[in-house]
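Undergrad:
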Amino acid sequence: MRSLRTRLFVYVAGGAALLILLAGVGLTWTMAAWLQKEFDRGLEAKARALVALTEEEDGRIEFDFEREHMPEFGDPAGPEYFELWLADGALIARSPSFDLKEETRRGTLIRTLDPAITPEFHDLRLPDGRWGRQIRIDFIPRVDTEDAQGETTEAPASAAAPSSGRAATLIVARERLRLDADLRRLTVGVVVFAIAFMVALAGLTQAALRVGLRSLDRLTRQVRALDVTALGTRVEVEAPPREIAVVVEQVNALLDRLEAGFKRERRLSSDIAHELKTPVAELRNLCEVGARWPEDRVAIREFFQDARSIALQMERIVVHLLMLARYDEGREQIHTTRVRVADVVEAAWKPLARAAAAKRLEYRQQISPTLCFDTDLDKFQLMVANILANAVAYSPPGTTVLCASDQTDGRSSVSFTNRAENLEPQDLAVMFDRLWRKDEARTGGHNVGLGLSLVRALADLLAIEIVTRLEPDQTFRITLCGPDDGQNRNCASTSTPQAPVPPGKAVPGKK
Amino acid sequence: MKILVVEDSQRLLRSLGQGLSKLGYAVDLVGDGENGLAFAETYDYDVIVLDLMLPGLSGLEVLQRLRARGRGTHILILSARERVEDRVNGLRLGADDYLVKPFAFDELSARIQALVRRRYQAKSPILRLGPLEIDTASKQVSRRGGPLHLTPGEYRLLEFLAYQRGRVFSQEQLLEHLHQSDADVSSNVVEVLVSGLRRKIHARGQPPILRTRRGFGYFVE
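Protein chains in written order, with the working numbering: chain A, 14 to 524; chain B, 3 to 223.
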C-alpha cells in the first residue's frame, strides 16, 4: 500500500525538481546564448575594424593593417586569425598568425566563398587545432578618392556602387576557450545549484510533511489502537486542521453509535439470558426436587402450578418475539380503516380496569369523539393496550392515568400520561429497546420488556410517530401522532374495536 | 446446618427451599437484596446462596457490604450471568463459589455441602463420633456399620454438634440454627430432639456421645 506521505513527497519534491531542472536548462541556455552573443559581438567589432582598414584605391584593394595596432593577430599564446579574399578567390591579406606555424601556412579559414548578405558566425577548428569561432563578412571595400580641394573622402564600405564593384570577403576567427570555459562554469554552477536546491527541497518537504501531517499521524495512531474491547475510547487530535477535524468528528460519532450498539447488544444478550435462563432454572429445579421427593404430594401440586405459570411466561416471550420478528420483516399486512381513537382507548382500558382499581388508579379520558386515525384497527389497538398496561403496571397507587387528544400544527395526536417514579430522562432513549426493563434485577415474570418494543415496531409499521416526555415531577407522557396529515376526520363510518387486546392473552409492559 | 437463600424468583425460591429443607438444612428464604443483607447480618448462617440481580440491593452490593463488615459467611453466588468477567468479579469480591443458572439441584446441594465442610475444616464428608459414622453427603448415620434411622431434625442436631464437637450450645442457639428464623417453635423441641437422639445413638455400656452441661447446653465429644 502506498503511503500518503511518500506520494506527497514524490509529487511535491519531484514536481519542484522538474521545475528546477527546466529552469536550470532554460537559464543555462539563455546565459550560453547571451555569452555567445557577446563573444560574437566582439568578433564582429573586430571584423568591422578590419573592414574599415580595407579600401579600394585606383582599382586596387588595399588593406592597411599594422600588426602593432592589432597584436592579437600575432600573439603566439592565443592568436586570432583573419583572411581577406576577393570575390574572384584572390587572397588579399591574411593575419600574421598564419605564419606562426609552418603546418598552418596552407590552411585557410574560409571554405566557401558564397556571398553572404549578413555576417555569418560558425564554429570551427582553428589552424592551431583549437576550437574557435569565425565571422564572415561580405563587403565592398570603400573607395579612397581625393576631392577638388585635395582632401580625401571615403565612401562607406558597404556601399558598392561608386567602387569598381569588387566584393571582398573577410573572415575573422578567434579561439573560444574562454567562452567554452565560461559556459562550462555556468553549466556546472547551475547543476550544482540545482542539486543543492533539490537536496534542500527534499529535506524541507520532509519537514513540512512531518509538521503538516502530524495531525494525520496522531489520528492514524489513535484509530489503529481502536478495538472492540475499548469502545469508550475517543479520538482526540489537538487543534486539528479542517480536513482532519471532519474525520475526527465522524469517527467519534461512529464510535458513539458503535458503543451504543454494542451496549444495546450486550444488554439484549444479558436480558435474553436472564429472561430465558431464570424460567429454565426454575423448571429444572422444580423437576429435580419433585422427582427426588415424589411422595410430597402438596409440594408436587405446587410445582405443577409453578411449571404452568413458567410455561405461560415463556410462551408470552416467544409469542412477542415472533410478533416483533414478523413486524421487522415488514411483511405484515395492514388493513387500513377509519378508526375512532376514543373507542380504541376505551376498549383497551376495559380489561385493565380491575387491576387499576386494585391500585386505586384514577382513569381519565379526554379524547375528542371526532378524532379518527386512518390506520389498522387491530394493530393500533395493540399499541394502545400495551401503553395502558404499562401505565397500570408502573403507576404508583392512588395516581391518575390520563388519556387525552390534541391537535397542534394541524396534526392530531393522542397522549397517555401517568406517574413513573423511577424513570430517568436517559431511559427515554432506550425504553423501546427489546427486553429493556427499568428494574435491572428483572424481578417477576409477567412483564419481560417487550411491550414498548411492540409499540415501537407497530408505530413504524403504521407510520405513527411516538413522542415521549418525562416532566421534572416524574410525569411520563407518551404521545402517538396520527398517521395521516393530521386532519380530524369525519368519523361517520368507522371500525369499532370488538375485543380488547389479544396478543398471547397478556400484554407485557415495561418501563 | 442453616442456609440463607436470597433469590428474587419466587418460584425458584420455593422449590429451592423445599429441596434444601428435605436435605436437612434449615433454610431462610428472602426475595430481595435489602432483606437478604438484614438476614445475613442478623443470623449465623453456614452458607448464603445469593442471586446477583436482585431488586433493591444487588447481590454484589450485598456481598460487598457483608465482607466490608467482616462477615465471613460462605457465599455461593447463583446467577444467570455466565460470562467469565461476571464469575471472576463475583469471586474477587469475596464469594466462595459461583454457580450459573440453570443448574442441577444435586450440584447446588453438593457445592453447599462442600462449603459447609470448608467452614468446619472437614475434608471428608464422613464424620466419626466414637462408634458413630455420619455421612453428610447421604445424610445417613450408622453405628458400627449398622444404620440408625434418625428423623431430619435429629440428624440436623447431630450433624451440627458433630461439626463443632466439644463446643457447648444452648437450647436457644440450637433452636436458631436448626430451624427457619421465622419458624414458630418452642424450646421444648430441642429437648425432644435431644432425647430421641440419645435413645438412638447411645449404646449400653458405652460412654454417652451427646452430653449435657447443666446450665449451659449440649455438646458431643
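Using N, Cα and C, we set each Cβ at its ideal position, and we do this for glycine too.
(1) Can you tell me whether A/I153 is helix, strand or coil according to DSSP?
(2) What residues from chain A crowd round B/A106, counting only those whose CB sits closer than 8 Å?
(3) Which one of B/A42, B/D46 and B/R85 has the shortest CA to CA distance from B/R66?
(4) If contact means a Cβ-Cβ distance below 8 Å, which residues of the segment 317-339 of chain A contact chain B?
(5) For the segment 18-37 of chain B, which residues have a beta carbon sitting closer than 7 Å to at least one beta carbon of chain A?
(6) Please list the partners that B/D10 has in chain A, where partner means a Cβ-to-Cβ separation under 7 Å.
(7) If you follow the alpha helix (DSSP H) that A/H82 is in, where does it begin and where does it stop?
(8) Can you give me, in chain order, the residues of the segment 260-290 of chain A that have a beta carbon less than 8 Å from any beta carbon in chain B?
(9) What separation, rounded to the nearest whole angstrom, lies between the Cα atoms of A/K451 and A/A402?
(10) Could you tell me the distance, in whole angstroms, from the CA atom of A/A58 to the CA atom of A/R189?
(11) Assuming B/L52 contacts B/L78 under a Cβ cut-off of 8 Å, what Cβ separation, rounded to an integer in Å, is found between them?
(12) Compute the beta-carbon to beta-carbon distance between B/Y100 and B/R89, rounded to the nearest angstrom, for a pair I have assumed lies under 8 Å.
(13) In the DSSP assignment, what are the bridge partners of B/V191?
(14) Report the rounded CA-to-CA distance for A/F86 versus A/A30, giving the unit in angstroms.
(15) I believe B/G35 touches B/P57 by the beta-carbon criterion, under 8 Å. Please report the beta-carbon distance rounded to the nearest angstrom.
(16) Would you say the segment 297-304 of chain A touches the segment 5-24 of chain B, given that touching needs at least three Cβ pairs under 8 Å?
(17) With 8 Å as the threshold, decide whether the Cβ of A/V443 is near any Cβ in chain B.
(18) Would you give the residue range spanned by the alpha helix (DSSP H) that B/L179 belongs to?
(19) What would DSSP say about B/D34, mapped onto helix, strand or coil?
(20) Which partner residues does A/C385 have in the DSSP bridge list?
(21) Between the segment 324-334 of chain A and the segment 357-370 of chain A, are three or more C-beta pairs nearer than 8 Å?
(22) Measuring CA to CA, which of A/L441, A/L229 and A/D391 is closest to A/L474?
(23) Does B/D99 come out as helix, strand or coil in the three-state DSSP assignment?
(24) Residues of chain D with a CB under 7 Å from the CB of B/P57: which are they?
(25) Identify the continuous beta strand (DSSP E) that holds A/W525 and give its terminal residues.
(26) Note down, one range per segment and in chain order, each beta strand (DSSP E) of at least 3 residues found wholly within the segment 411-479 of chain A.
(27) Roughly how many angstroms separate the alpha carbons of A/D195 and A/P132, rounded to a whole number?
(28) Establish whether the CB of A/E315 and some CB of chain B are separated by less than 8 Å.
(29) Please classify B/D184: is it buried, with 16 or more other beta-carbons within 10 angstroms of its beta-carbon, or exposed?
(30) Cutting at 7 Å between CB atoms, please list the residues of its own chain near A/L448, excluding the five before and the five after it.
(31) Measuring only between beta-carbons, confirm whether A/W306 sits less than 8 Å from chain B.
(32) I want to verify the contact list: residues of chain A whose CB lies under 9 Å from the CB of B/L134, in sequence order.
(33) Looking at chain B, is there any beta carbon in it that lies within less than 8 Å of the beta carbon of A/A294?
(34) Please list the partners that B/R67 has in chain A, where partner means a Cβ-to-Cβ separation under 9 Å.
(35) Tell me, to the nearest whole angstrom, how far the beta carbon of A/A294 is from that of B/P104; I am working on the premise that it is less than 8 Å.
TA: In brief:
(1) coil
(2) R297 and E301
(3) Inspection of the sequence shows that residue 66 of chain B is occupied by Gln rather than by Arg. Looking at the Cα atoms, B/A42 is the closest of the given residues.
(4) D319, S322 and I323
(5) L18, Q20, G21 and K24
(6) A454 and T456
(7) Counting along the chain, A/H82 falls outside any alpha helix (DSSP H), and DSSP gives it neither H nor E.
(8) S283, A286, H287 and K290
(9) 15 Å
(10) 16 Å
(11) 7 Å
(12) 5 Å
(13) Its beta-bridge partners do not exist; DSSP assigns none.
(14) 47 Å
(15) 7 Å
(16) yes
(17) no
(18) Residue identity check: residue 179 of chain B is His in the sequence provided, not Leu. That run of the alpha helix (DSSP H) goes Q173 to L180.
(19) coil
(20) A/R353
(21) no
(22) A/D391
(23) strand
(24) This model lacks chain D altogether, as its protein chains are A and B.
(25) Chain A is shown from 14 up to 524; residue 525 of chain A falls before or after that span and cannot be answered.
(26) 413-421 and 424-432
(27) 24 Å
(28) yes
(29) exposed
(30) L281, D284, I285, E288, V461, G462 and L463
(31) yes
(32) Here the premise fails: no neighbours, minimum Cβ distance about 26 Å.
(33) yes
(34) Going along chain A, no residue has its Cβ under 9 Å from B/R67, so there is no contact; the nearest lies around 17 Å.
(35) 4 Å
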